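Working notes, beginning with the structure itself.
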Amino acid sequence: VIDLLLVSEARQMASVAHKIRMELLTVNDVYLLSTFRLPPKQGGTLFGLYSKKDNTRWLEVSVVGKINKVLVRYLREDNKVHSVNLQHAHVADGQSHSVIVRLSGLRRDTLSVELYVDCKQMDSSVGLPELSEIPLAEVESIEVRTGLKAYQRMQGFVESMKLILGGSMSRVGALSECPFQGDESIHTFVCPGTDLSFLLLAGEQTKALVTQLTLFNRVLTELREDIRDQVKEMSLIRNTIMECQVCGFHEHRSRCNPNPCFSGVDCMETYEYPGYRCGPCPPGLEGNGTHCVDIEECAHANPCFPGSKCINTAPGFRCEPCPRGYRGNTVSGVGVDYARASKQVCTDIDECNDGNNGGCDPNSICTNTLGSYKCGPCKSGFVGNQTSGCIPQRSCSTPTSNPCDINGFCLFERNGEIACACNVGWAGNGNVCGPDTDLDGYPDEPLPCIDNNKHCKQDNCRLTPNSGQEDADNDGIGDQCDDDADGDGVKNVEDNCRLFPNKDQQNSDTDSFGDACDNCPNVPNNDQRDTDSNGEGDACDNDIDGDGIPNMLDNCPKVPNPLQTDRDEDGVGDACDSCPEMSNPTQTDMDSDLVGDICDTNEDSDGDGHQDTKDNCAEIPNSSQLDSDNDGLGDDCDNDDDNDGIPDYVAPGPDNCRLIPNPNQKDSDGNGVGDVCEEDFDNDTVVDQLDVCPESAEVTLTDFRAYQTVILDPEGDAQIDPNWVVLNQGMEIVQTMNSDPGLAVGYTAFNGVDFEGTFHVNTIT
Numbered sequence: 001v002i003d004l005l006l007v008s009e010a011r012q013m014a015s016v017a018h019k020i021r022m023e024l025l026t027v028n029d030v031y032l033l034s035t036f037r038l039p040p041k042q043g044g045t046l047f048g049l050y051s052k053k054d055n056t057r058w059l060e061v062s063v064v065g066k067i068n069k070v071l072v073r074y075l076r077e078d079n080k081v082h083s084v085n086l087q088h089a090h091v092a093d094g095q096s097h098s099v100i101v102r103l104s105g106l107r108r109d110t111l112s113v114e115l116y117v118d119c120k121q122m123d124s125s126v127g128l129p130e131l132s133e134i135p136l137a138e139v140e141s142i143e144v145r146t147g148l149k150a151y152q153r154m155q156g157f158v159e160s161m162k163l164i165l166g167g168s169m170s171r172v173g174a175l176s177e178c179p180f181q182g183d184e185s186i187h188t189f190v191c192p193g194t195d196l197s198f199l200l201l202a203g204e205q206t207k208a209l210v211t212q213l214t215l216f217n218r219v220l221t222e223l224r225e226d227i228r229d230q231v232k233e234m235s236l237i238r239n240t241i242m243e244c245q246v247c248g249f250h251e252h253r254s255r256c257n258p259n260p261c262f263s264g265v266d267c268m269e270t271y272e273y274p275g276y277r278c279g280p281c282p283p284g285l286e287g288n289g290t291h292c293v294d295i296e297e298c299a300h301a302n303p304c305f306p307g308s309k310c311i312n313t314a315p316g317f318r319c320e321p322c323p324r325g326y327r328g329n330t331v332s333g334v335g336v337d338y339a340r341a342s343k344q345v346c347t348d349i350d351e352c353n354d355g356n357n358g359g360c361d362p363n364s365i366c367t368n369t370l371g372s373y374k375c376g377p378c379k380s381g382f383v384g385n386q387t388s389g390c391i392p393q394r395s396c397s398t399p400t401s402n403p404c405d406i407n408g409f410c411l412f413e414r415n416g417e418i419a420c421a422c423n424v425g426w427a428g429n430g431n432v433c434g435p436d437t438d439l440d441g442y443p444d445e446p447l448p449c450i451d452n453n454k455h456c457k458q459d460n461c462r463l464t465p466n467s468g469q470e471d472a473d474n475d476g477i478g479d480q481c482d483d484d485a486d487g488d489g490v491k492n493v494e495d496n497c498r499l500f501p502n503k504d505q506q507n508s509d510t511d512s513f514g515d516a517c518d519n520c521p522n523v524p525n526n527d528q529r530d531t532d533s534n535g536e537g538d539a540c541d542n543d544i545d546g547d548g549i550p551n552m553l554d555n556c557p558k559v560p561n562p563l564q565t566d567r568d569e570d571g572v573g574d575a576c577d578s579c580p581e582m583s584n585p586t587q588t589d590m591d592s593d594l595v596g597d598i599c600d601t602n603e604d605s606d607g608d609g610h611q612d613t614k615d616n617c618a619e620i621p622n623s624s625q626l627d628s629d630n631d632g633l634g635d636d637c638d639n640d641d642d643n644d645g646i647p648d649y650v651a652p653g654p655d656n657c658r659l660i661p662n663p664n665q666k667d668s669d670g671n672g673v674g675d676v677c678e679e680d681f682d683n684d685t686v687v688d689q690l691d692v693c694p695e696s697a698e699v700t701l702t703d704f705r706a707y708q709t710v711i712l713d714p715e716g717d718a719q720i721d722p723n724w725v726v727l728n729q730g731m732e733i734v735q736t737m738n739s740d741p742g743l744a745v746g747y748t749a750f751n752g753v754d755f756e757g758t759f760h761v762n763t764i765t
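According to full-length UniProt numbering, the sequence shown is numbered sequentially starting from 1.
Right under this line is the structure:
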């Protein structure tokens, strides 16, 4: 029995989680027993096992007071969350109720769940999928949560909460004063010859039985000692009689024939009992001469070099060869003294002086270490790495050393290296550039690039920009200029699935998308919105945001929030609440600034779009609100963005890695950029050369897939709103038809943006 209300510290949680995991592997029944008072129509999580790392819900029991349900969720063996709805849970009435939730059949492959309220079974569900086993490696990260704090916020009260692992329903009922039948712990006894009968609890029987067993064990111990003494005395009498010459039984025989000692040990006869004495054990063995066992030289003397395995033999020991990167002798022998005096000696091999620079690039730095070596950066005057090799450093300063094409230009990277890019109207890898008529980054003709750069391949739509080079039917003609993009024989202008072959043009609903490409084939949804990107459109998805909470129960249906946190208790979860700390169930926002009217002060001193109460730099414009060290102070007004003790720009700085903590300021190549941010300044795992925002870990690439449409001409009866199509993984956005004025605005805020790309106006169609 685990009292869950006493589990609060991390150490207690780890112990409880380990016990629960072990018991779930052996017991057949688990019970959650709780007594609480719940205000009308209130609810919340009663008990749950969660992962601290990723909020995985292993097991959760919650009360939904509005609809009188108890909801049991658990992780199935296929790692999907299974939900069980138990009806008739009339507990949200302000009165005290006892609730028992029973999980039965854990070891019988017939899982069922039963609900008891005030000693009465209200509902059950059988034939359920099996629970997933909690891996041993996950136990330390398991967190036990109870509804105590949650109920206090709802003005309720949890009186008790216990988790019972194993046992019968009648035993559990006894804890809640519920008289369930079938209690095997109560027996009726009748006194022989009388009319008297009485009840005896199993606990009293056990106590009496233990007392009798203790007395019986004590008698057996005394008897065993007496028998041992008798055996010794009888052995002495027998030996005396057998060796007595006067008795005339037989002549004296040698006690050393056959030899009673260990093999190889000398035997000497004596007058003392037992009539012989054995010599010392052979080398490498220890004992009394009669019994000899092998000496563990490896454990007593540690004769081998660290890293070389010591193998005990019978007798003796031997050491394996020196570890890789060392040279030395192999040692073997017998006895502890020899092992201590003849230890294995291994010396380091200097791989960097092997005549081959240790296998590193010939123009790079090789550093010898104990047992190994390290290949470092290129030597001064060379650039590259160990993979691509170190080549003489290039320079843009003179035409002879400039590696770029005549129609390209040099770029200086953050780490001091140079790169090449093609001029506007040209495409390629920068070292080789060719004409690019439609300015989409792909040349009109294939280019002979040695690095096989994708931008050296021929444009599959030479006169129409298509930066993603999409080609649905793989016919060599890009979708943007192919009049039948999917190759199904139906022209694009008539095809209800332009990129998916569907000759039958089947369309079960009334929207403009055929069943082959419609994410809700039976529900009209021209916008094809799919918030959780699960392939099922929002119009027909029972869980729009994919957080495991059905839409009808989700306080943020379109924003993932599996914990359903709602601090202001206005029915709108914090994840989507425009005023998460002030109740505003209507979410009124007259100025559409995403801050609810009830908490909107409209005070923005620096004019960056964030009101002062929420702005992490209230007096300095910083629309992005970037805070690299999460100290509540935005980078634009923080003198130490990474909080490593080195100021960003003033002494003892400036910090050579402004966004990544590196108090030692290590800079192996002395280029002014610290080692920890040499290739990735913002530590977002995207190298700076590919990162569109190398100084912001929150933005790594151009992505228009998440946007909001702003209608600029909302007046009038006939409105044609813009219809946008996003291509090339968000890097290209196309307006597919003529429309009233409108803007596609992303959700990510920037301090300032340098735009580089192509605006193409189609004057033909």
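Every residue, glycine too, gets a C-beta built ideally from N, C-alpha and C.
Predicted model, so just to flag it, every value in this text is computed and none were measured.
Candidates the options: closest to residue i by CA position
i    : options                   : result
E177 : K120, N723, Q344 and N312 : K120
L38  : N55, D93 and E77          : D93
D606 : V595, D597, C599 and P621 : P621
T240 : Y273, L213, H18 and E225  : Y273
E698 : C360, D629, C637 and K80  : D629
V158 : T586, A575 and L5         : L5
M552 : Q719, I295, G571 and C520 : G571
L75  : Y50, V91, G65 and V63     : Y50
N723 : L103, S739, L712 and D471 : S739
V63  : G43, K53 and K52          : G43
V144 : I646, R107, Q719 and R11  : R11
K19  : H88, P135, I418 and Q564  : P135
I311 : I100, R327, R324 and D294 : D294
Q386 : I418, G147, W426 and C360 : C360
T758 : A427, G514 and G434       : A427
H90  : N68, S96, K80 and V101    : N68
Residue i classed as buried or exposed, judged by whether at least 16 other C-beta atoms fall within 10 angstroms
i    : result
C227 : Per the sequence shown, the amino acid found at residue 227 is Ile instead of Cys. By the neighbour-count rule (16 or more Cβ atoms within 10 Å), I227 is not buried but exposed.
Y151 : At Y151, the pLDDT of 37 sits below 50, so the modelled position is not reliable and the matter cannot be decided from this model.
F189 : Low confidence applies to F189: its pLDDT is 37, below 50, so where it sits in the model is not reliable, and the reading given next is rough at best. F189 should be labelled exposed.
R253 : exposed
F249 : With a pLDDT of 46 at F249, under the threshold of 50, the modelled position of that residue is not reliable, and no figure is offered here.
S83  : exposed
P377 : buried
P719 : It is worth fixing the name first, because residue 719 is Gln in this sequence and not Pro. Q719 comes out exposed.
G408 : buried
P258 : exposed
N429 : buried
E581 : exposed
Nearest-angstrom Cα separation, counted from residue j out to residue i
i           : j    : result
G167        : D29  : 7 Å
F382        : D682 : 26 Å
S624        : G371 : 49 Å
M475        : K491 : In the sequence as presented, Met is not what sits at residue 475; that position holds Asp. Each residue's Cα considered, the two are about 15 Å apart.
S15         : G105 : 25 Å
K666        : G384 : 20 Å
F198        : L220 : Because the pLDDT at F198 is just 35, under 50, the model does not fix this residue reliably, and the point stays unresolved.
Q564        : D504 : 44 Å
D486        : V70  : 50 Å
residue 838 : L236 : Residue coverage of the chain in this structure runs from 1 to 765, which leaves residue 838 outside it and unanswerable.
Closer than 8 Å to chain D by CB, residue i
i   : result
D54 : Looking at the structure shown, chain D is missing, and only one protein chain is on hand.
Q.
Just to confirm the assignment: which complete beta strand (DSSP E) runs, minimum length 3, are found wholly within the region 115 to 178?
A. Secondary structure remark: continuous beta strand (DSSP E) runs of at least 3 residues inside the region 115 to 178, in chain order: 120 to 128, 142 to 146 and 157 to 165.
For the 8 Å Cβ check, are there 3 or more pairs between the region 526 to 543 and the region 490 to 502?
With a cut-off of 8 Å, the region 490 to 502 and the region 526 to 543 do not count as touching, because too few Cβ pairs lie within range.
ask   = On the three-pair Cβ rule with 8 Å, is the region 438 to 451 touching the region 459 to 468?
value = Three or more pairs of CB atoms, one per stretch, sit closer than 8 Å, so the region 438 to 451 contacts the region 459 to 468.
| task | Take every Cβ of the region 733 to 750, pair it with every Cβ of the region 695 to 708, and state whether three or more of those distances are shorter than 8 Å. | result | With the cut-off at 8 Å, the region 733 to 750 and the region 695 to 708 touch.
- prompt: When the Cβ atoms of the region 336 to 345 are set against those of the region 303 to 311, are three or more pairs found closer than 8 Å?
  reply: Pairwise C-beta distances place the region 336 to 345 in contact with the region 303 to 311, as three or more of them are shorter than 8 Å.
**Q.** the region 306 to 326 in contact with the region 281 to 297 per 3-pair CB rule at 8 Å
**A.** Touching, per the Cβ criterion.
- Task: Report yes or no: do the region 133 to 150 and the region 105 to 121 share at least 3 C-beta pairs separated by less than 8 Å?
- Result: The answer is no - the region 105 to 121 does not touch the region 133 to 150, with fewer than three Cβ pairs under 8 Å.
Do the region 636 to 643 and the region 350 to 364 make contact, defined as three or more Cβ pairs closer than 8 Å? In short, these stretches do not touch, since the Cβ pair count stays below three.
**Report entry** beta strand (DSSP E) runs wholly inside the region 68 to 97, at least 3 long, in chain order
**Finding:** 69 to 75 and 81 to 86, all fully within the region 68 to 97.
* To do: Mind listing, in chain order, the continuous beta strand (DSSP E) runs of no fewer than 3 residues lying wholly within the region 477 to 516?
  => Taken in chain order, the complete beta strand (DSSP E) segments of 3 or more residues contained in the region 477 to 516 number zero; there are none.
- request: Let me know the alpha helix (DSSP H) ranges lying completely inside the region 309 to 348, each 4 residues or longer, listed in chain order.
  value: Counting whole runs of 4 or more residues, the region 309 to 348 contains the alpha helix (DSSP H) stretches 336 to 341.
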